[in-house]
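Per the numbering used here, residue 907 is the first one in the sequence shown, and the count goes up by one each step.
Every residue, glycine too, gets a C-beta built ideally from N, C-alpha and C.
To start, the structure under review is shown below, and the notes come after it.
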Amino acid sequence: MIRQPFQLTIGSRLIQQLISLLLLFAISLTLTGATRKPDIVRVPIFGFHDVIDLKDSHEIPPQRPQFDSDYTKQNLYPFLNYLVDHNYWFLSTQDLYTYFIQKSEPIPEKYWNRKPVMITFDDGYYSAYKNVLPILKDLERNYGEIAKVVLFVNSKYMGAKMVGYLPHMSCEELREGYNWGFYDIQSHGHAHQKLTRLKFKALQEDLSLAKTSLRTCLDDLDTRGWTAAHFAYPFGEVSRRVEKAMPQYYLTGYLYDDVISRPTKLRDPYRISRIRANLSTSPGQLIKLAEQATLIHSKLDLK
Ligand SMILES: [Zn+2]
């Protein structure tokens, strides 16, 4: 009779401990399941300008001065070759928008177990036709893969081959690369102006003209309206005012900040990060950055 309360206390303590253990177990299960952190996806987006062929005397000093923003065909080849050889997914601007920013469609199975990258060229230089296209065709021959690249083109200078200036691609040349499936043609403004310094009306005119000119060029080929739907800021310059004018014409905006893009966590689709590649960047350095891309897999949580 005297020992009974004591036994009861021990019994109820054991039960209490068991219950709290079970509760802890249940809570930890809920935490790991329902509130698992969504995956942060890293997509390295590289920005090139003019691509020079060191074997062409017209493209090296003294015939043509070198610019820091140049990249050589001889270095571009091994970089792109590495990406295709390692089964990288060459994103178009619309891919980035649909699968990672809007997340409006699930990532198709053919892209699973691949790392996403985006290769872009600014200004619409003729070299994207003369020096880049042959690399892409070569890689297609060797690997049976089409590596798509993004061209951010200034519509005003399409076909401009002025003395003393770098030559630009014509509408016909753009169409040819587009037809082969190698070019994603997007806007870099009409006249490569510093948009942050334009009055609002002039700003709207530049954005609008850039879009309509490129779409007119690709009109019969682009049935989905994905040409000139995305924009790269000339000189990488953007302001709140420029951003305000953007949504009427474009879905996204690309700048330069030398940071690997995290499109699923993007606060602002008009400030997409890009990494600048220039004369002093080796293919090895570019490959190291590309390797930091997230491997896409079926269980990726993009919320
Ligand atoms: Zn530019």
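Query: Residue ranges of each alpha helix (DSSP H) within the region 997 to 1083, 4 or longer; Result: 1039 to 1049
Query: Met907 versus Leu927: straight-line alpha-carbon distance, rounded; Result: Because the pLDDT of Met907 is 45, which lies under 50, any placement of that residue in the model is unreliable, and the number read from its coordinates should be weighed accordingly. Cα to Cα, Met907 sits roughly 31 Å from Leu927.
Query: Distance CB(Ile1025)-CB(Val1055) smaller than 7 Å; Result: yes
Query: Enclosing beta strand (DSSP E) for Ile951 [first to last residue]; Result: Ile951 to Phe954
Query: Buried or exposed by the 16-neighbour rule on C-beta atoms within 10 Å, applied to Val873; Result: Any property of residue 873 remains undetermined from this structure, which presents the chain solely from 907 to 1209.
Query: The alpha helix (DSSP H) enclosing Ile966, as first and last residue numbers; Result: That residue, Ile966, is in no alpha helix (DSSP H); it is neither H nor E in DSSP.
Query: By C-beta, the residues closer than 6 Å to any heavy atom of ligand 1, given in chain order; Result: Asp1028, Asp1029, His1094, His1098 and Pro1140
Query: Boundaries of the beta strand (DSSP E) in which Phe1137 is found, first to last residue; Result: His1136 to Ala1138
Query: Alpha helix (DSSP H) runs contained entirely in the region 1098 to 1141, provided each spans 4 or more residues; Result: 1106 to 1124
Query: Terminal residues of the alpha helix (DSSP H) in which Gln980 lies; Result: Lys979 to Asp991
Query: Length of the line joining the Cα atoms of Lys1205 and Pro1169; Result: 18 Å
Query: C-alpha distance - Cys1077 paired with Tyr1035, whole-angstrom precision; Result: 11 Å
Query: Rounded C-alpha distance that separates Glu965 from Tyr1031; Result: 13 Å
Query: Nearest candidate by alpha-carbon position, reference Gln1099, set Met1068, Leu986, Leu1080 and Val1059; Result: Val1059
Query: Proximity winner among Gly1087, Leu1157, Leu982 and Leu1161, relative to Lys1117 (alpha-carbon distances); Result: Leu1157
Query: Three-state secondary structure assigned by DSSP to Thr1170; Result: helix
Query: Euclidean distance between Cα positions of Phe912 and Arg919; Result: Bear in mind that the predicted position of Phe912 carries a pLDDT of just 49, short of 50, making it unreliable; the figure below should be weighed with that in mind. Rounded to the nearest angstrom, the two C-alpha atoms are 11 Å apart.
Query: Cβ shell of Asp974 (< 8 Å), same chain only, five flanking positions each side left out; Result: Asn1184, Leu1185 and Ser1186
Query: Met1068, buried or exposed, once every other Cβ within 10 Å from all chains shown has been counted against 16; Result: exposed
Query: Any non-hydrogen atom of ligand 3 within 6 Å of Ile921 CB; Result: Ligands present in the displayed structure are limited to ligand 1, and ligand 3 is not among them.
Query: Alpha carbon of Lys1105 to alpha carbon of Phe1137, nearest angstrom; Result: 19 Å
Query: Alpha-carbon to alpha-carbon, Pro1014 and Glu1051; Result: 17 Å
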